[in-house]
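Visitor: Protein sequence lines correspond, in order, to chains A and B.
In terms of my numbering, the first sequence opens at residue 92 and continues consecutively.
In terms of my numbering, the second sequence opens at residue 52 and continues consecutively.
This is the structure, below, for whatever I ask next.
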Amino acid sequence: MTSKTAVRVTGLTKHFGSVEALREINLAIHEGELFGFIGADGAGKTTLFRILCALLLPDKGNAEVLGFDTVTAFREIRKRIGYMPGRFSLYQDLSVEENLRFFATVFGTTIKANYELIKDIYSQLEPFRNRMAGKLSGGMKQKLALSCALVHRPELLLLDEPTTGVDAVSRREFWQMLGKLQKKGITILVSTPYMDEAALCDRIAFLQNGATLGIDTPKGIVSLFTRPLYAVRSLQKHILINTLRQYEHAASVYAFGSCVHYTDKRPSLDQGELQAYLTSCGLNGVQIEHIEPSIEDTFIALLEEKGGLKNA
Amino acid sequence: MSRFRAFVLKEFYHIFRDRRTAAILFGMPVLQLLLFGYAIRNEINEVKLGICDLSHDTVTRKLTTKLLSTGTFIAIDNLHNPEEINQTFASGLVDEVIVFEPAFASRLQRVGVGHVQVITDGSDPNVSRIITGYTLSVIQDYLREYLKEKSGDTPHAGVISVTVMMFNPALKSVYLFVPGLMALILMLVSALMTSISITREKENGTMEVLLVFSLKPAQIIIGKVVPYVLLAFINLITILALAFFVFGVPCRGSVVLLLLESLLFIGTALSLGIFISTITASQQAAMMISLAGLLLPTILLSGFIFPVASMPLPLQVISNIIPAKWYLIIVRAIMLKGASFSYVWKETMVLVVMTAILVTASIIKFSERLQ
């Protein structure tokens, strides 16, 4: 991997009134990287993206995008980036083709000149090219927005929650497209609230309440999770959570899909002992399984470490 | 250049794809002019007249016939007793009742004075004032002839007034409304539509994209403004043509001067619209400010309907900051009085200064960032 830096952020802080949207963010994103920002709503993802696009000014610290400062050289940056805001921001009353052509022309290029770059994405939209953008499905809208953000061949692509509100199949397709774009040398910054998408990034940063909780590769992030993790199942899931929480050696207990994830305070857990405890508390069909932590487990653990997690 | 063309083209798509907007934009001037021209008139027609003739002599009968023959009045009722008057008015049967005193003709002959009471429905003061004036002038006319006939010459030395209505001898209200409507519609199309279309981009998030797409604010704004200048100009021509061909409102001064002054006013209105859009974030807010802050003052404070001179002092002062006031003075001067530029240069300067201030303020306020 080339280690030229595409985005460098140092000590970035941003307030909105008394709300601290970003707090001392430090980041370095390499050229050609697919970098993911993971965080819940209100974590500061959109604010960070807007600062990188020079749409907002930071209160403290600075951000450099493609070697240009976001405050002093924002025009240079804007020429070289493609940006897709969180909500669908194309013209609903223009057709698919008109939208694309508009953005191409406004950027001083044509659809034809860069067709090869957007071909994969746009070819799926071409059957609907005369349809008004407002009448497209969620997945289609995202593809159109991505085409529009790409039509001028940017060096850096900033995608703010591109897959929110998009069905699972379209989401997968969308990420495949990002993979292809990355191979063409485009640096991609993407934010998402979905943990399963994090694993598809080269590196990820967890954002919570405006601060980064950890920045690493998905593997690296997971390796931050050091305690043995167990998935516990029972027929009475709700009682199971409460019973586990009352267990004297319990470190963390939280619902995860159809089971409950459990870590123990002690370095190693005697599964038989826990099983006996749960059965004695009247739970049926208890199953305990040692599992590998996922990115989400790590996120929850990091949150807890910072004392940010309310008992869910 | 092609960027600019694409931008303007996109703006026209927005306007024409939204059928309702397009219908309002092009239908409104025609509809309003027809409404003001035909339906809303200040002239008095078909006044329902009740006569309470307590004298029944030749003079009163002749006077009645004379009133009715003007075509303005329609005889509705003959009242025999003054006590019926209240009830007749209350039932809405009449707009006006004329009462001749008993022995009107003989008193007129003996003493030289006859009493006529003119009663009108004061709930509409304007109409009632006009009817009264008209009735009195008809009676006066008749009596002058009558007395002349009787005594062979003008009996009493009196003051006889001869009135001439300059520029609008027939006192047609269309003459009043056309300049006002021009101001109103140009203001609406230019300021309201521009402010809404810019805030729509903000609301939809497309402004964010446009800015990131390295468009300069000036490019965005000019791209927004050009279509509306064109539309406003088309509307202007429509109004002028309708006013001339349908209502016979002349343009006594230079048409070129009128169009140039109108372009200036369109510029003022557009810069107002842009300014509004820089201080608001939503279409709703832009619309409210444009409607409440621009339309009402344009109608009420510009002298369109109510003369500025008869307003209380504070309102007169406020009316000075209403662009339409100055535009109205200019249009009336050019269209109706045939004035040349040397008569309206002061008002023109006011509009130029207003536009300059608004454009400067907008440039300062319009940010290339979101905050």
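Backbone N, C-alpha and C fix where the C-beta goes; we use that ideal spot for every residue, glycine too.
Among A:GLY133, A:GLY127, A:GLU124 and A:SER282, which has the Cα closest to the Cα of A:ARG114?
Guide: Ranking the options by Cα distance to A:ARG114, first place goes to A:GLY133.
Visitor: What does DSSP give as the partner residue(s) for A:SER343 in the beta ladder?
Guide: A:THR354.
Visitor: Just to confirm the assignment: which complete alpha helix (DSSP H) runs, minimum length 4, are found wholly within the segment 268-307 of chain A?
Guide: The segment 268-307 of chain A contains these whole alpha helix (DSSP H) runs: 286-289.
Visitor: Considering just the uninterrupted stretch of the beta strand (DSSP E) at A:CYS372, what are its terminal residues?
Guide: It is not in any beta strand (DSSP E) - A:CYS372 carries neither H nor E in the DSSP assignment.
Visitor: I'd like the ranges of any alpha helix (DSSP H) spanning at least 4 consecutive residues and lying wholly in the segment 184-233 of chain A.
Guide: If we require 4 residues or more, the alpha helix (DSSP H) runs fully inside the segment 184-233 of chain A come out as 187-197 and 206-216.
Visitor: So, under 8 angstroms CB-CB, B:GLU312 and B:ILE249 are touching, yes? Tell me the CB distance rounded to an integer number of Å.
Guide: About 26 angstroms separates the two Cβ atoms, so there is no contact after all.
Visitor: Within the segment 340-375 of chain B, note down every full alpha helix (DSSP H) run reaching 4 residues or more, in order along the chain.
Guide: Runs of the alpha helix (DSSP H) inside the segment 340-375 of chain B: 347-351 and 364-370.
Visitor: For A:ASN153, which beta-bridge partners are listed by DSSP?
Guide: Answer is A:THR101, bridged to A:ASN153.
Visitor: How would you label B:TYR89, buried or exposed, when you count the other beta carbons within 10 angstroms and need 16 or more for buried?
Guide: Exposed.
Visitor: Is there a C-beta anywhere in chain B that falls below 8 angstroms from the one on A:LEU400?
Guide: Any answer about A:LEU400 is weak, because its pLDDT of 43 lies below 50 and its placement is not dependable; what the coordinates show is given next. No, no contact with chain B.
Visitor: Can you find a C-beta in chain A that's less than 8 angstroms from the C-beta of B:ARG68?
Guide: Taking Cβ atoms only, chain A reaches closer than 8 angstroms to B:ARG68, which makes this a yes.
Visitor: Pull up the distance between the alpha-carbon of B:LEU198 and that of B:LYS117, whole angstroms please.
Guide: If I take the Cα positions, the gap works out to 16 angstroms.
Visitor: Pull up the DSSP beta-bridge partners for B:ASN129, would you.
Guide: B:ILE102.
Visitor: Hey, quick one: how far does the beta strand (DSSP E) through A:VAL110 stretch, first residue to last?
Guide: Residues 110-121.
Visitor: So, with DSSP's three-state summary, where would you put A:HIS106?
Guide: Here A:HIS106 sits in strand by DSSP.
Visitor: Below 8 angstroms on the Cβ atoms is my contact criterion, and I expect B:LEU346 with B:ILE369 to pass it. Report the Cβ-Cβ distance as a whole number of Å.
Guide: Between B:ILE369 and B:LEU346 the Cβ distance is about 15 angstroms, and since that is not below 8 angstroms, they are no contact.
Visitor: So with Cβ pairs under 8 angstroms, would you call B:ALA337 a contact of chain A?
Guide: No, no contact with chain A.
Visitor: Out of B:PHE355, B:GLU398 and B:LYS99, which one is the CA nearest neighbour of B:THR481?
Guide: In the structure as shown, chain B begins at 52 and stops at 422. Residue 481 of chain B is therefore absent and cannot be evaluated.
Visitor: Compare the C-alpha of B:THR109 against each of B:LEU194, B:LEU308, B:LEU321 and B:SER212 and name the closest.
Guide: Checked all of B:LEU194, B:LEU308, B:LEU321 and B:SER212; the closest Cα to B:THR109 is B:LEU194.
Visitor: Touching or not, the segment 276-296 of chain A and the segment 343-362 of chain A, by the rule of three or more beta carbon pairs under 8 angstroms?
Guide: Output reads no: the segment 343-362 of chain A does not touch the segment 276-296 of chain A.
Visitor: According to a CB-to-CB cut-off of less than 7 angstroms, which residues of the segment 53-87 of chain B neighbour chain A?
Guide: Cβ contacts with chain A come from SER53, ARG54, ALA57, PHE58, LYS61, TYR64, HIS65, ARG68 and ASP69.
Visitor: Within 10 angstroms of the Cβ of A:HIS243, are there 16 or more other Cβ atoms? Answer buried if so, exposed if not.
Guide: Buried, since its Cβ has 16 or more Cβ neighbours within 10 Å.
Visitor: What does a CB cutoff of less than 7 angstroms around A:ASP160 pick up in its chain, not counting 5 residues either side in sequence?
Guide: Only ASN153 meet the Cβ criterion.
Visitor: Looking at the structure shown, is A:GLN378 part of a helix, part of a strand, or coil, going by DSSP?
Guide: In this structure, A:GLN378 counts as strand in the three-state DSSP scheme.
Visitor: Indicate whether the contact test is met: 3 or more Cβ pairs, each with one atom in the segment 180-196 of chain A and one in the segment 222-240 of chain A, closer than 8 angstroms.
Guide: Flag = yes, the segment 180-196 of chain A and the segment 222-240 of chain A touch.
Visitor: With DSSP collapsed to three states, give me the class of B:ARG68.
Guide: DSSP places B:ARG68 in helix when its eight states are reduced to three.
Visitor: Contact criterion: CB-CB distance below 8 angstroms. Does B:THR349 meet it with respect to chain A?
Guide: Not one chain A Cβ lies under 8 angstroms of B:THR349.
Visitor: Could you spell out the range, first to last residue, of the beta strand (DSSP E) harbouring B:ALA242?
Guide: Counting along the chain, B:ALA242 falls outside any beta strand (DSSP E), and DSSP gives it neither H nor E.
Visitor: Chain B partners of A:GLU189, CB-CB under 8 angstroms?
Guide: Neighbours of A:GLU189 on chain B, chain order: LYS61 and TYR64.
Visitor: Quick one: is B:PHE264 near chain A, going by C-beta distance under 8 angstroms?
Guide: So, interface residue.
Visitor: Under a Cβ-count criterion, where at least 16 other Cβ atoms within 10 Å of its own Cβ denotes burial, should B:VAL148 be classed as buried or exposed?
Guide: The residue in question, B:VAL148, is buried, as its Cβ has 16 or more Cβ neighbours within 10 Å.
Visitor: So, with DSSP's three-state summary, where would you put B:PHE417?
Guide: Correct three-state label for B:PHE417: coil.
Visitor: Can you list, in chain order, the residues of the segment 158-172 of chain A whose Cβ is nearer than 8 angstroms to any Cβ on chain B?
Guide: Answer in chain order: PHE165, ARG166, ARG169, LYS170 and ILE172.
Visitor: How many Å lie between B:VAL395 and B:LYS275 at the Cα?
Guide: Near 30 angstroms, if we compare the C-alpha coordinates of B:LYS275 and B:VAL395.
Visitor: Within 10 Å of its beta-carbon, does B:ILE356 have 16 or more other beta-carbons around it, so buried, or fewer, so exposed?
Guide: Classification of B:ILE356: exposed, given that the 10 Å Cβ count is below 16.
Visitor: So, is the C-beta of A:SER180 closer than 8 angstroms to a C-beta in chain B?
Guide: Cβ-Cβ to chain B under 8 angstroms: yes for A:SER180.
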